[in-house]
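S.K.: Before anything else, here's the structure in question.
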Amino acid sequence: MRPELQFFPPAASTLANDVDLLFWFFVVVCGFFGLLVFGLLALFSARYRAKAQRYDPNHAQPLWLEIGWALPPLAVVAVLFVWGAKVYVEAYTPPSEALEIFVTGKQWMWKIQHPNGKKEINALHVPLGRAVKLTMTSEDVIHSFYVPAFRLKRDVLPGKYTSMWFEATQTGDYHLFCAEYCGTDHSRMIGRVTVMSQADYEAWLGGGEQLLSLEERGQRLFNQRACVTCHNGLPEASGPDLVGLFGSERRLSNGETVTADVDYLRESILYPTKKIAVGYAPVMPTFAGQLSEEQITALIEYMRTLKAPEAEGATP
Amino acid sequence: MHAADAQLDHHFDDIHQQREAAGLGMWLFLAQEVMFFGGLFGAYTIYRLLDYAAFQEASHHLDVTIGAVNTAVLIGSSLTMALAVRAGQLGNNRGVSIFVLLTMLLGAVFLGVKGIEYSDKWHHGLIPGLHFTAETVAGRGVELFFVFYFVMTGMHALHMVIGVGLMLWVLRMAAQKRFTPERHAWVENLGLYWHFVDIVWIFLFPLLYLIGRH
Amino acid sequence: MIEANPASNYLGAAHGLRSWLLTRDHKRIGVLYLLGVTFFFFIGGAFAVLMRFELATPEADLVASDTYNRLFSMHGIVMTFLFLVPSIPASLGNFLLPLMLGARDLAFPKLNLLSWYVFMVGGLFTVAAAAFGGVDTGWTFYTPYSSTYANSNVMLAAVGVFITGFSSILTGVNFIVTIHKMRAPGLTWFRLPLFVWAHYATSLIMVLGTPVLAITLLLVAVERLLGVGIFDPSLGGDPILFQHLFWFYSHPAVYIMVLPGMGVISEIITCFARKPIFGYKFIAFSSMAIAVLGFLVWGHHMFVSGQSVYAGVAFSMLTMAVSVPSAIKVFNWLATMFRGSIVFDSPMIYALGFIGLFTIGGLTGVFLGTLGLDLHVHDTYFVVAHFHFIMVGATVMAYLAAIHFWWPKIFGRTFPENWAKFAALMVFAGFILAFFPQFVLGYLGMPRRYHIYPDEFQMLNVLSSAGASILGVGYLIPMVYLLGSLRIGKKAAANPWGAKGLEWKTTSPPPVENFETPPTVEGDVYEYKNPHVVRPPEVTLARG
Numbered sequence: 082m083r084p085e086l087q088f089f090p091p092a093a094s095t096l097a098n099d100v101d102l103l104f105w106f107f108v109v110v111c112g113f114f115g116l117l118v119f120g121l122l123a124l125f126s127a128r129y130r131a132k133a134q135r136y137d138p139n140h141a142q143p144l145w146l147e148i149g150w151a152l153p154p155l156a157v158v159a160v161l162f163v164w165g166a167k168v169y170v171e172a173y174t175p176p177s178e179a180l181e182i183f184v185t186g187k188q189w190m191w192k193i194q195h196p197n198g199k200k201e202i203n204a205l206h207v208p209l210g211r212a213v214k215l216t217m218t219s220e221d222v223i224h225s226f227y228v229p230a231f232r233l234k235r236d237v238l239p240g241k242y243t244s245m246w247f248e249a250t251q252t253g254d255y256h257l258f259c260a261e262y263c264g265t266d267h268s269r270m271i272g273r274v275t276v277m278s279q280a281d282y283e284a285w286l287g288g289g290e291q292l293l294s295l296e297e298r299g300q301r302l303f304n305q306r307a308c309v310t311c312h313n314g315l316p317e318a319s320g321p322d323l324v325g326l327f328g329s330e331r332r333l334s335n336g337e338t339v340t341a342d343v344d345y346l347r348e349s350i351l352y353p354t355k356k357i358a359v360g361y362a363p364v365m366p367t368f369a370g371q372l373s374e375e376q377i378t379a380l381i382e383y384m385r386t387l388k389a390p391e392a393e394g395a396t397p
Numbered sequence: 002m003h004a005a006d007a008q009l010d011h012h013f014d015d016i017h018q019q020r021e022a023a024g025l026g027m028w029l030f031l032a033q034e035v036m037f038f039g040g041l042f043g044a045y046t047i048y049r050l051l052d053y054a055a056f057q058e059a060s061h062h063l064d065v066t067i068g069a070v071n072t073a074v075l076i077g078s079s080l081t082m083a084l085a086v087r088a089g090q091l092g093n094n095r096g097v098s099i100f101v102l103l104t105m106l107l108g109a110v111f112l113g114v115k116g117i118e119y120s121d122k123w124h125h126g127l128i129p130g131l132h133f134t135a136e137t138v139a140g141r142g143v144e145l146f147f148v149f150y151f152v153m154t155g156m157h158a159l160h161m162v163i164g165v166g167l168m169l170w171v172l173r174m175a176a177q178k179r180f181t182p183e184r185h186a187w188v189e190n191l192g193l194y195w196h197f198v199d200i201v202w203i204f205l206f207p208l209l210y211l212i213g214r215h
Numbered sequence: 222m223i224e225a226n227p228a229s230n231y232l233g234a235a236h237g238l239r240s241w242l243l244t245r246d247h248k249r250i251g252v253l254y255l256l257g258v259t260f261f262f263f264i265g266g267a268f269a270v271l272m273r274f275e276l277a278t279p280e281a282d283l284v285a286s287d288t289y290n291r292l293f294s295m296h297g298i299v300m301t302f303l304f305l306v307p308s309i310p311a312s313l314g315n316f317l318l319p320l321m322l323g324a325r326d327l328a329f330p331k332l333n334l335l336s337w338y339v340f341m342v343g344g345l346f347t348v349a350a351a352a353f354g355g356v357d358t359g360w361t362f363y364t365p366y367s368s369t370y371a372n373s374n375v376m377l378a379a380v381g382v383f384i385t386g387f388s389s390i391l392t393g394v395n396f397i398v399t400i401h402k403m404r405a406p407g408l409t410w411f412r413l414p415l416f417v418w419a420h421y422a423t424s425l426i427m428v429l430g431t432p433v434l435a436i437t438l439l440l441v442a443v444e445r446l447l448g449v450g451i452f453d454p455s456l457g458g459d460p461i462l463f464q465h466l467f468w469f470y471s472h473p474a475v476y477i478m479v480l481p482g483m484g485v486i487s488e489i490i491t492c493f494a495r496k497p498i499f500g501y502k503f504i505a506f507s508s509m510a511i512a513v514l515g516f517l518v519w520g521h522h523m524f525v526s527g528q529s530v531y532a533g534v535a536f537s538m539l540t541m542a543v544s545v546p547s548a549i550k551v552f553n554w555l556a557t558m559f560r561g562s563i564v565f566d567s568p569m570i571y572a573l574g575f576i577g578l579f580t581i582g583g584l585t586g587v588f589l590g591t592l593g594l595d596l597h598v599h600d601t602y603f604v605v606a607h608f609h610f611i612m613v614g615a616t617v618m619a620y621l622a623a624i625h626f627w628w629p630k631i632f633g634r635t636f637p638e639n640w641a642k643f644a645a646l647m648v649f650a651g652f653i654l655a656f657f658p659q660f661v662l663g664y665l666g667m668p669r670r671y672h673i674y675p676d677e678f679q680m681l682n683v684l685s686s687a688g689a690s691i692l693g694v695g696y697l698i699p700m701v702y703l704l705g706s707l708r709i710g711k712k713a714a715a716n717p718w719g720a721k722g723l724e725w726k727t728t729s730p731p732p733v734e735n736f737e738t739p740p741t742v743e744g745d746v747y748e749y750k751n752p753h754v755v756r757p758p759e760v761t762l763a764r765g
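Chains A, B and C are the protein sequences, given in the same order. Mind the numbering: the first sequence is residues 82 to 397 in our numbering, read in order. Mind the numbering: the second sequence is residues 2 to 215 in our numbering, read in order. Mind the numbering: the third sequence is residues 222 to 765 in our numbering, read in order.
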């Protein structure tokens, strides 16, 4: 990146255009109110200097005026609120067909895992014009994944997944910052996001040594850690069958129902007794402290791909 | 000029204003206490919702009988405290002394029983951070429950210790025959404080010992 | 005008350090607080100066990252808890409330002195935390960093903040009781000065908010001491819960910091416009509205924290609602100036500066309260600039305005007006230069709490550092002439500004008992008249 004086950041995602439009609308509206206040301050200061003018100070204080000047700000903030909320909800609601990339924050680096198993550190390569969903977690303290050119950030929490998505619109290199203070080298927990054309991205993804994909790594772990002993799908198994489990509704022994999403699966691996599926005993040992975040990600990715054959056929 | 003037602080107009000020001040202080314990109760409730199984398991480690006995002791102390306040309002200094002493005694019994409970928790390895060795089914949530158990009952006990300390002061005032039908704000406010501490326990007992039991 | 008799005023009534340290006179305690908070202001300022020097270049050349992290943490902790929260209420509020109410003292004078000692002990702990190597968690003490990972003096600093919290609770209780129970005869609620209304609202927040911070810090301390999981997820806790509890206090605390300043400005604008305040009840109620709404918006600090999207939407809506009472105040101040007879004495210059900077700070607050924009500018310099406009631009401006306005009353001396006006303009200009570039930096994407930064951000950072230097000098000038005035300043009249309000009806400085004879109130508080208006002869209808 060329060091040069900047006054406005590059805009490289669909969201960036939405946010910028909202921003400029704000600048106009708030600029109007700001200039109004400053203008009146100046005008009154000049016009009503002592001795310059003579007025009786006890003029009327009409109620309509109080209400009248409270309404425009109220109307304006109502519009801004609705507009802002729309942009926000969209940014944090990834489309289902998005390309999913896993991000792990750790003091003080970003670790990225692509679905095909490719790993990066402090760098993220993404294709142009395709929705990309980041599923993020932290190994230690809270971080925040921030790409100014995408106008997007979200905190990266330990013990939990957060997600956000974007669609890049400009190829190039952009800043990646950690935006939540995380200790000594917080300001060095930075990286680069590279937006590439679809073809370049495919080439980049396939380049280098061929690693096991996330799914394959997950499958290997599944066998190594003997998960398969209990989660084998047999009728007498002491653990639930995992085929088709991802994304389904799970009934729990305490009567609640939860969706088997990434957070639920993560929690069930680390703290298996917290939520017990109906009909099973709390016999699974904890894997807290035994699996790295990346290994958990791989396991979840593997479970996601476990679909019943007929279900696969049924989906168009 | 009447007799109460000697007890009027220089910045108040009359004893009535002074008494009202002291009362309002005490209520505001209690509002502050409500927020203090409210924060704790809120945090406890949220964790309870997040890890119901563990909190349920953990509450089975508590002895309901001891808790119930202690609740009765504390309610009894509220009664004696109320009687002390009544004695103060009548200017009966001897009565104040007797009932405050009784309240202190009951308070001490409560704290003693609490101490027994705490040492029992130590023997069972239920002290988070220092000595947590109990076998748990539901995992770390059990320990988290005990963190809250100790912080909440500990803060409550601390408030009781402060209350008993203030009672010593009131005893001294009663010995000096300082309470009159006009002036008894000290014992009245002490009463408010003690009832508040009592009410905190009335919430703590079911929250920690009872709900989630079967 | 009543001439002050040196022996009978509160300053001359007793001498020696002991007479100050054991005083129960609210005026002396106010002066003790004034010394205390000003001392901490300059300590916090020193940290800021070092930070701005470091940030003049993109690389780490003055201090190491660990040191830089300690600098901004200590700056934030000292400025927030030891300066901004107690600044106007504990010093000027303490001094003025009984005077404005026509009372002889606050309701609980001993408690008042105790709260000063508690404050100083808390301050001492915090300064000790700095002296023994500092604390590097930021003033927000976010978990699990503060509870598990930081290896700095978190405990000392947290204990310090915990203790000072009790001082503000005690002050709040004292103020509320005094306002309720100790008003002079005839001083009804709607005759109260708006300064008093603002302090009433502030005190409510102090009493109801501070204990939640206390319990939160206590839990952090327990987690840190025993290594148990309360907020650390690897031990079973939830770090987001900490943020909820922390901001439940710390967002209302923002209003503890700014409401008293608004009260000050209401007093000054009406006095120097020589006109009754416009919309008295609206200003009074907007203070209360801000205090109440302030408790419902804490989640706007957590839009990107991973709380649910729905919570974000709800908190954003409530946040927008807070902007309306603030706008009402600004419009009422402007309407007060309309057709006034404005005198531009130094307190008025500071007050006008307040309105300008508060307007910018408030409007940019709406930017941040808007979810779609917060996605981008949250935790960037945009936030830093915004809250400095409110906390420093507005609150410190109001603090200086108040000190200038009531200085003759407090110390019975006048100060050189020209120097005061010059300093006010310098502070304003320095402030704009220091913090306006940070809005641009924030939108460019420079995250806050960054020790080193990409080269393209340098020019704006240099501008900001330059402005900070001007601002620093601007703050030092009043120190010089105000302290000098104590020795060489002319004796002040009882009411040098021609202001209304009971505090001006007694001598400067006031006697120990505040008033020679207990005052009674008959009219509204702001019965200002334009001295230049020529009233037409009154037309009386002949009767009969």
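Where is the CB? At the ideal position from N, CA and C, for every residue including glycine.
(1) Please report the distance separating the alpha-carbon of L466/C from that of L415/C.
(2) Distance, Cα to Cα, G288/A vs Y282/A?
(3) Measure the alpha-carbon distance for F114/A versus V443/C and round it to whole angstroms.
(4) How many Å lie between G89/B and S567/C at the Cα?
(5) Quick check on V184/A: does DSSP put it in helix, strand or coil?
(6) Let's test the definition: count the other Cβ atoms within 10 Å of the Cβ of I212/B and tell me whether it reaches 16, buried, or not, exposed.
(7) If you draw a straight line from the C-alpha of V525/C to the C-alpha of V343/A, how long is it?
(8) Beta-carbon within less than 8 Å of A362/A's beta-carbon, same chain only, minus the 5 sequence neighbours each way: which residues are those?
(9) Who are the neighbours of V661/C on chain A, taking C-beta pairs under 9 Å?
(10) Against chain A, does D282/C count as a neighbour if the rule is that its beta carbon must be under 7 Å from one of theirs?
(11) Just to confirm my understanding: we take R271/C, look at its own chain, exclude 5 residues before and 5 after, and list those with CB closer than 6 Å. What are they?
(12) Among the residues of its own chain, which have a CB less than 8 Å from the CB of V74/B, if the five just before and after it don't count?
(13) Use the C-beta contact count for K721/C: other C-beta atoms within 10 angstroms, 16 or more gives buried, fewer gives exposed.
(14) Among I390/C, I549/C, L681/C and P752/C, whose alpha-carbon lies nearest the alpha-carbon of Y470/C?
(15) Looking at the C-beta of R141/B, does it have a partner C-beta in chain E at a distance below 7 Å?
(16) Would S60/B be called buried (16 or more neighbouring beta carbons within 10 Å of its own) or exposed?
(17) How would you call T741/C, buried or exposed, if buried means at least 16 neighbouring beta carbons within 10 angstroms?
(18) Does R404/C pass the burial test, meaning 16 or more other C-beta atoms within 10 Å, or should it be called exposed?
(19) In this structure, does DSSP put H672/C in helix, strand or coil?
(20) Along chain C, in chain order, which residues have C-beta atoms closer than 7 Å to that of V138/B?
(21) Could you tell me the distance, in whole angstroms, from the CA atom of I223/C to the CA atom of A713/C?
(22) In whole angstroms, give me the CA-to-CA distance for A324/C and Y169/A.
(23) What residues match up with A212/A in a beta bridge as DSSP calls it?
(24) Could you tell me whether any Cβ in chain B is nearer than 7 Å to the Cβ of L466/C?
(25) Any C-beta of chain B within less than 8 Å: which residues of the segment 407-435 of chain C qualify?
(26) Whole alpha helix (DSSP H) runs in the segment 630-688 of chain C with 4 or more residues, listed along the chain?
(27) Quick one: using the 10 Å Cβ neighbour count with 16 as the cut-off for buried, is M105/B buried or exposed?
(28) Could you give the first and the last residue of the continuous alpha helix (DSSP H) run that contains T95/A?
(29) So the candidates are Y664/C, H672/C and K711/C; which of them puts its Cα closest to the Cα of V100/A?
(30) Write down the C-beta distance between E261/A and S225/A rounded to the nearest angstrom, noting that I regard them as a contact closer than 8 Å.
(31) For D459/C, which residues from the same chain have a beta carbon less than 7 Å from its beta carbon, with the 5 sequence-adjacent residues on both sides left out?
M.R.: In short:
(1) Translated into the one-based positions of the third sequence, residue 466/C becomes position 245. Translated into the one-based positions of the third sequence, residue 415/C becomes position 194. One C-alpha to the other measures close to 31 Å.
(2) On the first sequence, residue 288/A is found 207 positions in, with the first residue counted as 1. On the first sequence, residue 282/A is found 201 positions in, with the first residue counted as 1. So the alpha carbons of these two residues sit roughly 10 Å apart.
(3) By one-based count along the first sequence, residue 114/A stands at place 33. By one-based count along the third sequence, residue 443/C stands at place 222. Cα to Cα, F114/A sits roughly 48 Å from V443/C.
(4) By 1-based counting over the second sequence, the position of residue 89/B is 88. By 1-based counting over the third sequence, the position of residue 567/C is 346. Rounded to the nearest angstrom, the two C-alpha atoms are 56 Å apart.
(5) By one-based count along the first sequence, residue 184/A stands at place 103. Strand, per DSSP.
(6) Your numbering for residue 212/B matches position 211 in the second sequence. When all chains shown are included, I212/B counts as exposed.
(7) In the third sequence, residue 525/C corresponds to position 304, counting from 1. In the first sequence, residue 343/A corresponds to position 262, counting from 1. Going by the C-alpha atoms only, they are around 19 Å apart.
(8) Counting from 1 along the first sequence, the entry for residue 362/A is found at position 281. Within the same chain, A362/A has close Cβ partners S319.
(9) Position 440 of the third sequence, counting from 1, holds the residue named residue 661/C. Residues of chain A passing the Cβ test: Q87, F88 and F89.
(10) Mapped onto the third sequence, residue 282/C falls at position 61. D282/C does not count as touching chain A.
(11) For the purposes of this step, residue 271/C is taken as residue 50 along the third sequence, with counting starting at 1. Inspection of the sequence shows that residue 271/C is occupied by Leu rather than by Arg. Taken in chain order, the residues that qualify are L292.
(12) Translated into the one-based positions of the second sequence, residue 74/B becomes position 73. Contacts found: L107, V110, F111 and V114.
(13) Along the third sequence, read from residue 1 onward, the residue named residue 721/C stands at position 500. That one is buried.
(14) In the third sequence, the residue the question calls residue 470/C occupies position 249. The residue with the shortest Cα to Cα distance from Y470/C is I390/C.
(15) No chain E is present in this structure, whose protein chains are A, B and C.
(16) On the second sequence, residue 60/B is found 59 positions in, with the first residue counted as 1. Its Cβ being crowded by 16 or more others within 10 Å, S60/B is buried.
(17) Against the third sequence, residue 741/C aligns to sequence position 520. That one is exposed.
(18) Counting from one through the third sequence, the residue named residue 404/C turns up at place 183. Buried.
(19) As a position in the third sequence, residue 672/C is number 451, starting the count at 1. In this structure, H672/C counts as coil in the three-state DSSP scheme.
(20) Reading the second sequence from its first residue, position 137 is the one you call residue 138/B. Those within 7 Å of V138/B in chain C number zero; the least Cβ separation is about 14 Å.
(21) Numbered from its first residue, the third sequence carries residue 223/C at position 2. Numbered from its first residue, the third sequence carries residue 713/C at position 492. A caution first: I223/C carries a pLDDT of 45, below 50, which makes its placement in the model too unreliable to give a value.
(22) Numbered from 1 along the third sequence, position 103 holds the residue referred to as residue 324/C. Numbered from 1 along the first sequence, position 88 holds the residue referred to as residue 169/A. If I take the Cα positions, the gap works out to 52 Å.
(23) For the purposes of this step, residue 212/A is taken as the residue at position 131 of the first sequence. E248/A, per the DSSP bridge assignment.
(24) For this step, residue 466/C is matched to residue 245 along the third sequence. Yes - at least one Cβ of chain B is within 7 Å of the one on L466/C.
(25) V428, L429, G430, T431, P432, V433 and A435
(26) 638-665
(27) Residue numbering aside, residue 105/B sits at position 104 when the second sequence is read from its first letter. When all chains shown are included, M105/B counts as buried.
(28) One-based indexing of the first sequence puts residue 95/A at position 14. Taken as a continuous stretch (DSSP letters only), the alpha helix (DSSP H) holding T95/A covers T95 to R128.
(29) Taking the first residue of the first sequence as position 1, residue 100/A is located at position 19. Ranking Y664/C, H672/C and K711/C by Cα distance to V100/A puts Y664/C first.
(30) If you number the first sequence from 1, residue 261/A lands on position 180. If you number the first sequence from 1, residue 225/A lands on position 144. The Cβ separation is near 4 Å, so the contact holds.
(31) Start at 1 with the first residue of the third sequence, and residue 459/C comes out as number 238. Same-chain partners within the cutoff: F452.
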